[in-house]
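Residue numbers (the working numbering), protein chains in the order written: chain A, 53 to 402; chain B, 53 to 402.
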């Protein structure tokens, strides 16, 4: 089903305000959730909204989010997210990075004790708007084993990096350190489908194509020891160094059994310290065009830049409406009723 | 064949001095090359020494290396490597990062117009010795296509990150953004062996297990679009932003047809801004032990930390000698003769 961007954002904003969120906070969180769905990243979109509502009802998340600066030291900052909304802590952290990178050329901000921050490219792209290269990483609840292991110790710890390009959407990479998201395995289990070889191991550490066995086991890191190493370092920085939870101790946002303890790292590098921003953007555009025009493999009709598919999805969603599962729309409308809001989401008719 | 560490380093140092290197410079380059072989990373070891000699003879590398600071601005620095030895520029860049991170908490240094810097963990580990998290990236001559492409546009652009752990060797990731090194494909071609599916594409962009076809084609990025994205961003930062070569323009160090135009990025984050270094190292050690002791997959006898195998190799090489191809030893001895040095490498007898 398709819904329009504006009413969706307005309803989520209103609902977040009824949950205690400040106005700016509510608009930000709605924006992050809706933009994920608009970009086609439905695993990180409005399906998280009912989880926020459930967590708030269980008094396991603090709304409004009251962050605290623990370290504010030259180019480095540490923000305690106070178990509030992850989007608020992460966006504040990137704002701090941008303003400090203006002063020092580069800045790193760590966030601790927060919750799921949504899709990472959102924050990396905040830096891009200010002429900077943006980086964002976060840890997550354990679902992946070390290489050679059979026990979940790391999340699918993702990493995003973005840069601006003249006359085009920014180039933005947003990738997890696992081959496939657990959400895709859950979906295969629901649909009674097999999963591809190479996605997951069963609880004994054997390869499996059975989603039920995979859900009892672990997801596989990209490129074996490489993805394991990436996930570990993301956890060492976002979790351990920030003073947040790490390894086995993180809890999933999907079950309200306690604070998730998520940590994040944000970084901005000021392009203008190295070359004029316009020159970088023109050269990056020429590079992007060279990639797009380069020789294609047999059967391939188009080469995409990182983030290009998502940017196109976003445009299409803006004009033709946002694809949302009927189930999600129903849940949001149900929460509207519970909160006594006289509005509800309507399907977009073309 | 095995050779001892001390005479190998001394001979390479003496040879580099005859090529015009300053004393400190010669010792550094010898150290980086020999340490790679000691750690078992033979693709980045003394096999590069004859290439340096050849490049120097062709007057295509500037020795001694005279770097220049182009930008020296708060926490960011840009160093021009002046087409000298890559090891010298990269080590200087990491020294600058360490001293600036002491002041600002984090620092980034870009290097342009340099040559192959050797194995990246060397520089990341320099930061670790000073209580910091070290990061190093570099671009390389094109051998990898964008995802969906069939034309080499990116190198196997590698990334290293390292952190210290109490009572253990540092944890250090050193990975390329390609599935396999081109060197491994060259070796299979020499031995008339097939290469595994998933390593490379032929010149039309079709999967191949024939190393000869693969060498005419491209190596595959790790995890498809993810490795492509990583390689592209490493190139955008190390190559384009630094003002170095990028994309198609880089030349290989293996053929002396012109300056390679390699760029690099080095970064250090001062742990002590976030928590006492000792506490980080103790917690990281506990985390490392938890990983090692975690449940193993069927048939796996041991779980390794990133860099653990290399650290063990280094210890063994130090006591039992360094494995070097007879061919490399012969070439080094031949260069000794040409340079009129009265020493030569001898095989270590046990």
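Built from N, CA and C at the ideal position, the CB exists for glycine as well.
{"Check": "Where the alpha helix (DSSP H) containing residue 196 of chain A begins and where it ends", "Outcome": "Segment: none, residue 196 of chain A is in no alpha helix (DSSP H) and carries neither H nor E."}
{"Check": "Entirely enclosed alpha helix (DSSP H) segments - the region 93-175 of chain B, minimum 4 residues", "Outcome": "101-109 and 138-156"}
{"Check": "Close-in-space but distant-in-sequence residues of the same chain around residue 123 of chain B (CB under 7 Å, 5 per side omitted)", "Outcome": "129 and 130"}
{"Check": "Spatially closest choice to residue 64 of chain B from B/380, B/401 and B/400, by CA coordinates", "Outcome": "B/380"}
{"Check": "Under 7 Å between C-beta atoms of residue 153 of chain A and residue 184 of chain A", "Outcome": "yes"}
{"Check": "Cα-Cα separation, residue 86 of chain A to residue 319 of chain B", "Outcome": "34 Å"}
{"Check": "Through-space distance from residue 232 of chain A to residue 95 of chain A, alpha-carbon basis", "Outcome": "12 Å"}
{"Check": "Same chain, Cβ closer than 8 Å to residue 277 of chain B, neighbours up to 5 away in sequence not counted", "Outcome": "199"}
{"Check": "Coarse secondary structure for residue 319 of chain A, derived from DSSP in three states", "Outcome": "strand"}
{"Check": "Of the residues B/197, B/188 and B/396, the one placed nearest residue 227 of chain B, counting alpha carbons only", "Outcome": "B/188"}
{"Check": "Residue 186 of chain A - partner residues in DSSP beta bridges", "Outcome": "A/214 and A/320"}
{"Check": "Nearest neighbour of residue 353 of chain B, chosen from A/239, A/202 and A/250 [CA to CA]", "Outcome": "A/202"}
{"Check": "Proximity below 7 Å, CB of residue 337 of chain A to CB of residue 180 of chain A", "Outcome": "no"}
{"Check": "Any C-beta of chain D under 7 Å from that of residue 132 of chain A", "Outcome": "The chain labelled as chain D is not found among the protein chains of the depicted structure, namely A and B."}
{"Check": "Delimiting residues of the alpha helix (DSSP H) encompassing residue 395 of chain B", "Outcome": "Run containing residue 395 of chain B: none; DSSP gives neither H nor E here."}
{"Check": "In chain order, each alpha helix (DSSP H) run of at least 4 residues that lies wholly inside the region 53-100 of chain B", "Outcome": "57-70 and 75-90"}
{"Check": "Separation of residue 363 of chain A from residue 26 of chain A, as counted between CA atoms", "Outcome": "There is simply no residue 26 of chain A to check, as chain A begins at 53 and stops at 402 in what is shown."}
{"Check": "Option nearest residue 294 of chain A by Cα separation, candidates A/304, A/313, A/307 and A/399", "Outcome": "A/313"}
{"Check": "Closer than 7 Å to chain A by CB, residue 365 of chain B", "Outcome": "no"}
{"Check": "The beta strand (DSSP E) enclosing residue 376 of chain B, as first and last residue numbers", "Outcome": "From DSSP, residue 376 of chain B is part of no beta strand (DSSP E); its letter is neither H nor E."}
{"Check": "Contacts that residue 201 of chain B makes with chain A (C-beta to C-beta distance below 8 Å)", "Outcome": "343, 346, 347, 348, 349, 352 and 355"}
{"Check": "Three-way DSSP call (helix, strand, coil) for residue 263 of chain A in this model", "Outcome": "helix"}
{"Check": "Cβ-Cβ distance between residue 315 of chain B and residue 339 of chain A below 7 Å", "Outcome": "no"}
{"Check": "CA-to-CA distance, residue 253 of chain B to residue 261 of chain A, given in whole angstroms", "Outcome": "26 Å"}
{"Check": "Proximity test, Cβ basis, 7 Å: residue 262 of chain A and chain B", "Outcome": "no"}
{"Check": "Rounded separation between residue 110 of chain B and residue 100 of chain B - CA only", "Outcome": "15 Å"}
{"Check": "Contacts of residue 209 of chain A in chain B (Cβ-Cβ under 7 Å)", "Outcome": "Per Cβ cutoff of 7 Å: no residues; residue 209 of chain A is ~13 Å from chain B at best."}
{"Check": "Chain B contact residues for residue 327 of chain A, given Cβ-Cβ distances below 8 Å", "Outcome": "293 and 295"}
{"Check": "Burial state of residue 213 of chain B (16 or more Cβ within 10 Å)", "Outcome": "buried"}
{"Check": "Residue 282 of chain A - containing alpha helix (DSSP H), residue span", "Outcome": "277-287"}
{"Check": "Residue 285 of chain A versus residue 268 of chain A - alpha carbon distance", "Outcome": "25 Å"}
{"Check": "Short Cβ contact (7 Å threshold) for residue 350 of chain A with residue 258 of chain B", "Outcome": "yes"}
{"Check": "Bounding residues of the beta strand (DSSP E) (the contiguous stretch that carries residue 223 of chain A)", "Outcome": "223-227"}
{"Check": "Spatially closest choice to residue 275 of chain A from B/395, B/251 and B/387, by CA coordinates", "Outcome": "B/251"}
{"Check": "Under 8 Å from the C-beta of residue 253 of chain A: neighbouring residues of chain B", "Outcome": "349"}
{"Check": "Buried versus exposed call for residue 301 of chain A [16 or more other C-beta atoms within 10 Å across all chains shown]", "Outcome": "exposed"}
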